[in-house]
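A.B. asks:
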Amino acid sequence: MRSTCERCEAALPASSGDARICSYECTFCATCTDGPLGGRCPNCGGDLQVRPQRVEG
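Residue numbers (my numbering): 634 to 690.
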């Protein structure tokens, strides 16, 4: 699980609800996803979805 946005390097800890991933687990922040990326992964062209949050335990 990546801890930063691949585009802007924003911090995305495991508990973040701001992370978006594609089916290959490329990771981006919500700001980049909703803005310049238009909801698409620039690496594979797939759609970006909210990354499940990891429960600390």
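We put the CB at the ideal spot given by N, CA and C, even for glycine.
1) Can the beta-carbon of Leu681 be found less than 9 Å from the beta-carbon of Gly672?
2) Could you give the uninterrupted runs of the alpha helix (DSSP H) lying entirely in the region 640 to 666, keeping only those of 4 residues or more?
3) Can you give me the Cβ contacts of Arg635 inside the same chain, cut-off strictly under 6 Å, excluding the 5 residues immediately before and after it?
4) Among all the DSSP beta bridges, which residues are the ones paired with Arg673?
5) For the putative contact between Arg653 and Ala643, defined by C-beta atoms under 8 Å, what is the C-beta separation to the nearest angstrom?
C.D. replies: Concretely, from the data shown:
1) Their beta carbons are under 9 Å apart, which means Leu681 touches Gly672 by this criterion.
2) Complete alpha helix (DSSP H) runs here, min 4: none at all.
3) Answer for Arg635: Thr660, listed in chain order.
4) The secondary-structure analysis by DSSP pairs Arg673 across a beta bridge with Asp680.
5) The Cβ separation is near 11 Å, so there is no contact.
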